[in-house]
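Asks:
Residue numbers (this note's numbering), protein chains in the order written: chain Z, 1 to 250; chain P, 1 to 292; chain X, 1 to 349.
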């Protein structure tokens, strides 16, 4: 499972992404590499641009400059549906599910690829069992607790068998036993070859789960490497302690 | 020919001022409450009927009558908000409030039919009769007065918005309701008062409208359709834009009216449709265009 | 009432079949022309409300301008009947064509209107409504403000005159409800409902929002156009204020909300309850405003107190009541796990 050698395949890459909103430079020349088959963590102080980067990578925002590559193929500016069709799944910081559909129906919304309707349902139920909420399949998703919604989002992002999954704060606001469960599920999926890129504030989560960690500060990458190395890097400490202006969110 | 055109332009600009005032009320309500008050048209008609009652039965001068109708409409607006809009909650809130306004409009229309019947009435008064001779044609006094009132009312609106504490609260709520609550602004009260103000301006609009046109309870439809077209063209949330759009559209209508009276009002809708295809957010739209 | 799902389903099918049979027998059981008149108009509204719900209920985009499609179908029939010199039952063949005309209009309307926020969408549908009314009143092909007369069959027996209209209406209504069921069960319906809940999220998951929304609108318009054509043939004349009537739009929305937005049975219930009521009211009071005031008031009541509509609220009461009954029974029997069912906790499931 450990990758991150230069010879390894690159699943997702950005080059010099810049994006500003009004006068705020959310991203400034951000170049990030996500190795295929690995679990990469993206950390950085508030306002460093993590969610904006996600939005740019998945087509929810267009960058002012720079490019995004998926397996070597340019996808800059492609709309979210296209990015999704190309095999990139993504979750949101504040869970976005379909509250008036049942849990199972939520799973059936993402397009099916070459599966019959019955297979689609079975696959969906399998994923629900995998994340542990199969028992709630017929409940309205709006009635789920926050932790369960996180699991649902994780499940339905996997329905279309994405090659790359971007998770925005998968452990945010969730109790410790569930965090452990989520990390475990991510590891399991990773074993089958799915690449993960996750944004997280929970340092323990990131350091134990990820095989590579990239640090963002003020819209650019300041450090990247194995967790232990990044943890000891003085620039990272600077980024977290030194950055005075905490403006708006990512 | 030239005189006709100039006359039309003058009529258009002056008439546009009054529409601008009513549209400003709509925009204000939208900005603060995030709802489109489709009852605005019938409120104007209600204002016209109120002025009518005061003028015909109490023989009050229409301008003096405004001193009564404006506060009354304000109170009515606050009441509508308090009773039918404030209680609405949930994820469907915006659609529900819009439908609630629709329902209020229909009830009001029904009540007006009940009290006044479907005969055309008018607020003809001394101002509609006398006119000023200008640039080779006659401009009815009421147009000038209406325009003057509109300008005064809009100026008053701006003053309130930018020079009073309450106005600051309104602007804060328009920008970010949650943040406004956090700094202690009573958002509900702001909403209620704003709705009241948005309705109060229809008292002025109604008086002017009623003095120029004869009306029945049915006149609300024509009014709201024009107001909606103005606001859509301008883009929701822009008061200044509504002013520009109102004047543009009434002037265009007045011009087209010279040659094709039947289709003149189509100008409103045509402009709206064209702008929507090119710029879904309207000319000056400040809100994000994307669905939801 | 704690029947198994299989039994519940058979019960439902039997119930629907009985309802349809009853409806088919209605003109024979109540041959009084007033009754069948009510029947025809009610069936038309069942169809229109269900069609409206297929678009607005499922997608969440509330249309207050469906009268545009209704009127297009209506005027198409009148003009075509006149120009193609059709009379009698042959005119019924124009109904699908009227629907088609409405569906064609729906395409540009949808392409323009479906690109904006939900809220602006409603307003735009209102604006389109006024455009339609204005056009009908001014164009000579539609007879201007005085409208056009329909060549009505004058050789039909007055006692059963309403019946052909009734049965055509019944066919359209049943077909529409069947379509609503089919859509709700399909992936297409799922996509529509996902759009309703979170359109951007659905788009991010591969749902192509515009084609889905537009096709629903076109389908809805087609049915509404057919219904409008049937109606205009039934009443015999097309006048702009009545063909394009804001009260029509309000009635349809109210019926949809009353019964339960987004459900299949809701619009049917709404139409079956409210339309005969309105017709009856109009008979009692010849003025138009009593029904206007009452309907507006009813609308406010529904919005304020029954926002999800009668059927879903009733269903909730039943489910809650059933749960309470179950709990009480368990407590009486002293069952070990007789706690109130807790909502799912946040810990590991």
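Beta carbons are placed, not taken as given, at the ideal position from N, Cα and C, and that holds for glycine.
Looking at chain P, which residues of the segment 55-71 of chain X have a Cβ within less than 9 Å of any of its Cβ atoms?
Replies: So the list reads 60, 61, 62, 64, given in the order they occur along the chain.
Asks: For residue 37/P, does the count of other Cβ atoms within 10 angstroms reach 16, so buried, or fall short, so exposed?
Replies: buried
Asks: Taking only runs that begin and end inside the segment 71-106 of chain P, name each unbroken alpha helix (DSSP H) of 4 or more residues, in chain order.
Replies: none
Asks: Where do the ends of the beta strand (DSSP E) carrying residue 165/Z lie?
Replies: 164-168
Asks: Of the residues 93/P, 97/P, 43/P, which one's Cα is nearest the Cα of residue 77/P?
Replies: When each option's Cα is compared against that of residue 77/P, the closest is 43/P.
Asks: In three-state terms, what does DSSP make of residue 112/Z?
Replies: coil
Asks: Alpha carbons only, please: which of 161/Z, 227/Z, 81/Z is nearest the one belonging to residue 208/X?
Replies: That would be 81/Z, whose Cα lies nearest to the Cα of residue 208/X.
Asks: Output needed in chain order: residues of the segment 176-210 of chain X with a Cβ under 8 Å from some Cβ in chain Z.
Replies: Those would be 187, 190, 191, 193, 194, 196, 197, 198, 200, 201, 202, 203, 204, 205, 206, 207, 208, in chain order.
Asks: By DSSP, does residue 24/Z sit in helix, in strand, or in coil?
Replies: strand
Asks: Whose CA, out of 319/X, 290/X, 322/X, lies closest to the CA of residue 117/P?
Replies: Selected option, being the one with the closest Cα: 290/X.
Asks: Since residue 32/Z and residue 103/Z should fall inside the 8 Å C-beta cutoff, what is the C-beta to C-beta distance between them, to a whole number of angstroms?
Replies: With a Cβ gap of about 33 Å, residue 32/Z and residue 103/Z do not count as contacting.
Asks: Report the neighbours of residue 351/X on chain P: residues whose CB is nearer than 7 Å to its CB, in chain order.
Replies: The question about residue 351/X has no answer here: the residues shown for chain X are numbered 1 through 349.
Asks: Measuring only the C-alpha atoms, how far is residue 123/X from residue 205/P?
Replies: Roughly 21 Å separates the two Cα atoms.
Asks: So who's on the other strand from residue 39/Z, going by DSSP bridges?
Replies: 196/Z
Asks: What separation, rounded to the nearest whole angstrom, lies between the Cα atoms of residue 53/Z and residue 146/Z?
Replies: 25 Å
Asks: Taking Cβ-Cβ distances below 8 Å as the criterion, which residues of the segment 87-102 of chain P are in contact with chain X?
Replies: 87, 88, 90, 92, 94, 95, 96, 98, 99, 100, 102
Asks: Please list, in chain order, the chain X residues whose beta carbon lies closer than 7 Å to that of residue 253/Z.
Replies: This structure cannot settle anything about residue 253/Z, because the visible part of chain Z is limited to 1 through 250.
Asks: Buried or exposed: which applies to residue 150/Z, given that a residue is buried once 16 or more other Cβ atoms fall within 10 Å of its Cβ?
Replies: Label assigned to residue 150/Z: buried.
Asks: Apart from the five residues just before and just after residue 13/Z, which ones in its own chain have a Cβ nearer than 6 Å to its Cβ?
Replies: 33, 69
Asks: In this structure, how does DSSP classify residue 148/Z when only helix, strand and coil are distinguished?
Replies: In the three-state reduction of the DSSP assignment, residue 148/Z falls in the helix class.
Asks: Contact criterion: CB-CB distance below 8 Å. Does residue 111/Z meet it with respect to chain X?
Replies: yes
Asks: Please tell me whether residue 109/P has its Cβ less than 8 Å away from any Cβ of chain X.
Replies: Closer than 8 Å to some Cβ of chain X, the Cβ of residue 109/P qualifies, so yes.
Asks: Taking residue 350/X as the reference, give the member of 9/X, 95/X, 34/X, 88/X with the closest Cα.
Replies: This structure leaves residue 350/X out entirely; chain X is present only between 1 and 349.
Asks: Any Cβ of chain P within less than 8 Å of the Cβ of residue 325/X?
Replies: no
Asks: Below 8 Å between beta carbons: does that hold for residue 97/P and residue 35/P?
Replies: yes
Asks: Kindly indicate which three-state DSSP category residue 30/X falls into: helix, strand or coil?
Replies: coil
Asks: Is it buried or exposed, residue 214/P, if we count other Cβ atoms within 10 angstroms and call 16 or more buried?
Replies: exposed
Asks: Under a CB-based cut-off of 8 Å, is residue 167/Z close to chain X?
Replies: no
Asks: Do you know offhand how far residue 24/Z's Cα is from residue 62/Z's?
Replies: Rounded to whole angstroms, residue 24/Z and residue 62/Z show a C-alpha spacing of 15 Å.
Asks: Please classify residue 265/Z: does DSSP put it in a helix, a strand, or coil?
Replies: This structure leaves residue 265/Z out entirely; chain Z is present only between 1 and 250.
Asks: Is the segment 176-191 of chain X touching the segment 21-41 of chain X in the sense that three or more CB pairs, one from each, lie closer than 8 Å?
Replies: no
Asks: I'd like to confirm something about residue 182/P: is its beta-carbon nearer than 7 Å to some heavy atom of the ligand GTP, or not?
Replies: Because no ligand of any kind appears in the structure shown, any question about the ligand GTP cannot be addressed here.
Asks: Indicate whether at least one CB of chain X lies closer than 8 Å to the CB of residue 158/Z.
Replies: Residue 158/Z does not count as touching chain X.
Asks: Taking residue 203/X as the reference, give the member of 75/Z, 178/Z, 109/Z, 199/Z with the closest Cα.
Replies: 109/Z
Asks: Going along chain X in order, which residues have a C-beta closer than 8 Å to the C-beta of residue 256/P?
Replies: Near residue 256/P there are no residues of chain X at all, since even the closest Cβ is about 13 Å away, more than 8 Å.
Asks: So that I know if they touch, is there some Cβ in chain X lying closer than 8 Å to that of residue 277/P?
Replies: yes
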